[in-house]
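Residue numbers for the sequence shown follow the numbering used here, beginning at 131 and rising by one.
Each residue gets a CB set at the ideal place from its N, CA and C atoms; glycine is no exception.
In what follows, a structure is listed as structure tokens, so that the remarks can point back to it.
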Amino acid sequence: MYLHLLLVLLLVVSSNIIIIIYHYFHLYQHQYSPL
């Protein structure tokens, strides 16, 4: 039970980190790209 909750929490945190990194990368590209 606790293990399942921890796994779900880890999945949510990792997906949030991936989304944040993706958004920062996208912003970085738009900021420094002429297009």
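Alpha carbon to alpha carbon, how far is residue i from residue j?
| i | j | result |
| --- | --- | --- |
| Q159 | I151 | 12 Å |
| L141 | Y154 | 20 Å |
| I148 | H156 | 12 Å |
| L137 | Q161 | 36 Å |
| N146 | M131 | 23 Å |
| V143 | H134 | 14 Å |
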